[in-house]
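Step one of this worksheet: look at the structure below.
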Amino acid sequence: MGLQEIWFILIAVLFTGYFVLEGFDFGVGMHFPVLGRGRTVEADTRRRVLLNTIGPVWDGNEVWLITAGGALFAAFPEWYATLFSGFYLPLLLILLALIVRVCAIEWRGKVDDPTWRRRCDWGIIFGSWVPAVLWGVAFANIVRGVAIDADKQYVGGFFDLLNPYALLGGATTALVFALHGAVFIALKTEGQVRTDAVAMSRKLAVPAVLVAGAFVVWTQLAYGKGWTIALVAVAAISLLAVVALTIVAREGWAFVFTTVAIAATSVLLFASLFPNVMPSTLDPSWSLTIENASSSPYTLKVMTWAAAFMTPVVLAYQGWTYWVFRQRLSTDHIPHSIGLKIGSK
33 MGLQEIWFIL
43 IAVLFTGYFV
53 LEGFDFGVGM
63 HFPVLGRGRT
73 VEADTRRRVL
83 LNTIGPVWDG
93 NEVWLITAGG
103 ALFAAFPEWY
113 ATLFSGFYLP
123 LLLILLALIV
133 RVCAIEWRGK
143 VDDPTWRRRC
153 DWGIIFGSWV
163 PAVLWGVAFA
173 NIVRGVAIDA
183 DKQYVGGFFD
193 LLNPYALLGG
203 ATTALVFALH
213 GAVFIALKTE
223 GQVRTDAVAM
233 SRKLAVPAVL
243 VAGAFVVWTQ
253 LAYGKGWTIA
263 LVAVAAISLL
273 AVVALTIVAR
283 EGWAFVFTTV
293 AIAATSVLLF
303 ASLFPNVMPS
313 TLDPSWSLTI
323 ENASSSPYTL
333 KVMTWAAAFM
343 TPVVLAYQGW
353 TYWVFRQRLS
363 TDHIPHSIGL
373 KIGSK
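Numbering (our numbering), first residue to last: 33 to 377.
The structure is reproduced here in C-alpha cells:
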C-alpha cells in the first residue's frame, strides 16, 4: 500500500469521525424547535439542557472537519481545488451555516433577554439543518460523479448537483443525524428531557431506516464494489437494531448502533469512490484519481510522520474530554441566566 492509498484512507477516517461526532451535534440543534419548544422559562431551561449536552465537545468535534480539509488540501491539492471551485455555493452555504451556529452557541447566554435567546436559537437551528442536508448532497455528488473537463475544472451548474441521488443523500444525512442526535440527548439527559428525546427517537427510527436503506442500496447497486455489500449489511442491521433499542429505551446501545450505521455509510461512500476522488461524468479519463490528484511523495511522507506523532495525542485528549463530561444533565443542573441585562451599563 502506497502513501496515496494511506492518505485516501486517512481522509476517509477523518470525514467519518466528523460525521459521527458532529452528526449528533447537528441532531441536537435540529431538535431545538420540538424538544425545546415554547417561550416559557421552563422551555428555555430545556433548550439550555440540550445545548449543554454538547457544550464541552462541539467545538472539538468541528476540528475533525478542519483537519480533514487541511489533509485534503495537502495530500490531494487537485481534488481540493476542483471540489471547492465546483461545489463553491453549497460549501459556502455550509460554511455560513457553521459560522452562524458558532456565534449563536457562543453568544446565546451573553445577554439575558428572551428575544436575544430566540434569535440565537434560530441560528443554532439554521446552522444545524443546513450542513446536515448539504453534506449528504455534496458527498453523494462526489460518488456519483460530476461534469469535470480535461482541465480538471467543474463545468456543470448548481442545479446539476440537485439530482435525485444527491437529494436522497441529503435526506439520509438529515434523518440519520436527527436520529443520532435524539439518541444522544436521551443518553446525556434525565427527567422529562430524556423522556421526550426517547419518544422522538422512536418517531425518527423507522423513517431513517427506510430513507437510509434506499440510499445505501442505490449506492451499492450503482457505484459499489463486490465487498462493499458487507458495509450495506452493517448499516442496515445497525439501523434496524436502533429501531428495536429505541422501543425499549436502551439509548446507550442505540447510540452505539447509530454510530456504526453512520460510519458504515461513510466508509461505503469512500470505498465506492476509490480509486477515484472525483469521477467525471463527461469522460472517465478526465476523472480525478489518487494518482493524478495527489501531492509529491516527499510531501506525503512528511505528512505521514506528522500524523503518526500527533494523531494519538489528539485522540487521547478528545477521549479524555468525553470521559470527564460523561454525566447526565437535567433541568435541575441549569443555573439562572447570568447574561447582561438589556439596557444595563
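Yeah, the Cβ is synthetic: ideal placement off N, Cα and C, and Gly gets one too.
Minimum C-alpha distance to residue i - residue among the options
{"i": "G201", "options": "D181, P163 and I180", "result": "P163"}
{"i": "V238", "options": "A254, A273 and I261", "result": "A273"}
{"i": "A179", "options": "R150, S117 and K235", "result": "S117"}
{"i": "W154", "options": "A170, V81, G61 and L207", "result": "G61"}
{"i": "A218", "options": "T48, V45, L42 and F56", "result": "F56"}
{"i": "S317", "options": "D181, V132 and A262", "result": "D181"}
{"i": "G284", "options": "T205, Y354, V215 and H368", "result": "V215"}
{"i": "L194", "options": "V241, L166 and D145", "result": "L166"}
{"i": "V243", "options": "G223, K220, F209 and G258", "result": "F209"}
{"i": "N308", "options": "R71, K184, R140 and W352", "result": "K184"}
{"i": "H365", "options": "A281, V81 and E74", "result": "V81"}
{"i": "H368", "options": "N84, L124, T77 and A106", "result": "T77"}
Where residue i falls, given that 16 or more other Cβ within 10 Å makes a residue buried
{"i": "D315", "result": "exposed"}
{"i": "K373", "result": "exposed"}
{"i": "A254", "result": "exposed"}
{"i": "I86", "result": "buried"}
{"i": "F341", "result": "exposed"}
{"i": "Y349", "result": "exposed"}
{"i": "R79", "result": "buried"}
{"i": "R381", "result": "Within the shown structure, residues of the chain are numbered from 33 to 377, placing residue 381 beyond reach of any answer."}
{"i": "Q252", "result": "buried"}
{"i": "G213", "result": "buried"}
Helix, strand or coil at residue i according to DSSP, with G and I counted as helix
{"i": "S117", "result": "helix"}
{"i": "V89", "result": "coil"}
{"i": "M33", "result": "coil"}
{"i": "N195", "result": "coil"}
{"i": "T321", "result": "strand"}
{"i": "W361", "result": "Looking at the sequence itself, residue 361 is Leu, so the reference to Trp does not match. Looking at L361 - three-state DSSP - the assignment turns out to be strand."}
{"i": "V178", "result": "strand"}
{"i": "T221", "result": "strand"}
{"i": "S298", "result": "helix"}
{"i": "L104", "result": "helix"}
{"i": "S369", "result": "coil"}
{"i": "V280", "result": "coil"}
{"i": "S327", "result": "coil"}
Residues of its chain near residue i, where Cβ-Cβ distance is below 6 Å and the 5 sequence neighbours each way are ignored
{"i": "A267", "result": "V248, A293, A296 and T297"}
{"i": "V175", "result": "Y255, L301, S304 and L305"}
{"i": "P88", "result": "F357"}
Residue i Cβ short of 7 Å to the ligand COA heavy atom set
{"i": "A103", "result": "This structure lacks the ligand COA, and indeed carries no ligand of any kind."}
7 Å CB neighbourhood of residue i in its chain, flanking five on each side removed
{"i": "L115", "result": "M310"}
{"i": "P380", "result": "Past the edges of the chain, shown from 33 to 377, lies residue 380, and the structure says nothing about it."}
{"i": "L53", "result": "N93 and W96"}
Next item on the list: Please determine if the segment 321-339 and the segment 109-127 are in contact, where contact requires at least 3 C-beta pairs separated by less than 8 Å.
Entry: yes
Item checked: Three CB pairs or more closer than 8 Å across the segment 221-240 and the segment 187-197 -> no
Note to self: Is it the case that the segment 330-337 contacts the segment 82-102, given that we only count it when at least three CB pairs across the two stretches are under 8 Å?
What the structure shows: no
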